[in-house]
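Sequential numbering of the sequence shown, starting at 1011, is according to this note's numbering. A short worksheet on the structure shown next.
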Amino acid sequence: MPQQILKYLYAPTGVSSLIPVDLWRAVRKNQRILEPRVERRKIIINGRVIGETPIDIETYDVQTGLETVKFVNCHSGGLSTFDRKVALSGEFWIIPEKTPLPDGLVVTKDN
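Okay, structure coming up:
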């Protein structure tokens, strides 16, 4: 299984640091990377709606001159990564330890 390295991360300005450990992120079979959920979707079992999926991040658009830029609400959640490969099966991305974090991107340990 080829390992792929996520080289570029984008975020609004803010904190700057280094990734403290290797971080792993699953890849869906039909996509290059497991995309964040930005919309709730209905959960349907046996034809009945039993709830909604949670969102990973909340986004909003800001008009900047002639273009619209999409931003992430920094208090809305985040994306899950793992500090070891054993949590994943199939393909994955790796963000290597000591990768510089762009300004505004924060990595927190929540478990």
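Glycine is no exception: its CB is placed at the ideal position from the N, C-alpha and C atoms.
For this session: Please look up how many angstroms separate the CB atoms of S1086 and I1067, rounded, as I've assumed it's under 8 Å.
Result: Reading the sequence shown from its first residue, position 76 is the one you call residue 1086. Reading the sequence shown from its first residue, position 57 is the one you call residue 1067. Between S1086 and I1067, the beta carbon gap of about 5 Å places them in contact (Cβ cut-off 8 Å).
Exercise. Looking at R1051 and T1091, is the spacing between their C-beta atoms short of 8 Å?
Worked result: Start at 1 with the first residue of the sequence shown, and residue 1091 comes out as number 81. Start at 1 with the first residue of the sequence shown, and residue 1051 comes out as number 41. Using a Cβ distance threshold of 8 Å, T1091 and R1051 do not count as a contacting pair.
Exercise. Taking just the CA atoms, how far does D1113 sit from V1072?
Worked result: The residue given as residue 1072 occupies position 62 in the sequence shown. The residue given as residue 1113 occupies position 103 in the sequence shown. Linking V1072 to D1113 through their CA atoms gives a straight-line distance of about 19 Å.
Problem set entry | Whether K1108 touches L1028 by CB criterion (8 Å) | Taking the first residue of the sequence shown as position 1, residue 1108 is located at position 98. Taking the first residue of the sequence shown as position 1, residue 1028 is located at position 18. At the C-beta level, K1108 and L1028 come within 8 Å of one another.
Problem set entry | Whole-angstrom distance between V1116 and G1075, CA atom to CA atom | Stepping through the sequence shown from its first residue, residue 1075 is reached at position 65. Stepping through the sequence shown from its first residue, residue 1116 is reached at position 106. For G1075 and V1116, the gap between their C-alpha atoms comes out near 28 Å.
Exercise. DSSP beta-bridge partners for E1062?
Worked result: For the purposes of this step, residue 1062 is identified with residue 52 of the sequence shown, where counting begins at 1. E1062 is bridged to K1052.
For this session: Check whether the Cβ of T1063 sits closer than 7 Å to any heavy atom of the ligand SAM, and report yes or no.
Result: Of ligands this structure carries none, so the ligand SAM is not represented either.
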